[in-house]
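Here it is in structure tokens:
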């Protein structure tokens, strides 16, 4: 949702899980054909609306195909078998496990909070 300087809704946007705009409305609730106020989508990346791609700074992402158009030069997981990295990881956003990455980040934060609470209990 985008607002003006007074806090009024100027544009409301709805995206599918892969970043493709599903519905775009102006402040009055009228349906729009494209992003009008800002060319940035849910993740803050530039939407190239004329070609239907998302420019994610290093690579172009196609929200309809659900994959990048170029392979990733940097492979982070050396434990994963090479053939799986070649087929899946290089072209997919977060290796097709978006929810897993969210859960992993949440667990890491909870672990840090737990460590802090435990250290307070031990020190008192």
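Numbering (our numbering), first residue to last: 702 to 825.
The beta-carbon is built from N, C-alpha and C at its ideal position, and this holds for glycine as well.
In this structure, residue 721 and residue 764 form a Cβ contact; the two beta carbons are roughly 4 Å apart against a cut-off of 8 Å.
With 16 or more other CB atoms across the displayed protein chains lying within 10 angstroms of its CB, residue 755 is buried. Of the candidates 760, 710, 744 and 746, 760 places its Cα closest to the Cα of residue 774. Judged by beta-carbon spacing, residue 734 lies beyond the 9 Å limit of residue 712, meaning their Cβ atoms are not closer than that value. DSSP lists 747 as the beta-bridge partner residues of residue 741.
When DSSP states are grouped into helix, strand and coil, residue 733 belongs to the coil group. DSSP places residue 759 in no beta strand (DSSP E); its state is neither H nor E. When the beta-carbon positions are compared, residue 744 and residue 757 come within less than 9 Å of each other.
Residue environment for residue 815: exposed (fewer than 16 other C-beta atoms within 10 angstroms of its C-beta). Under a 10 Å Cβ-count criterion, residue 742 is classified as buried, with 16 or more other Cβ atoms of the shown protein chains found around its own Cβ.
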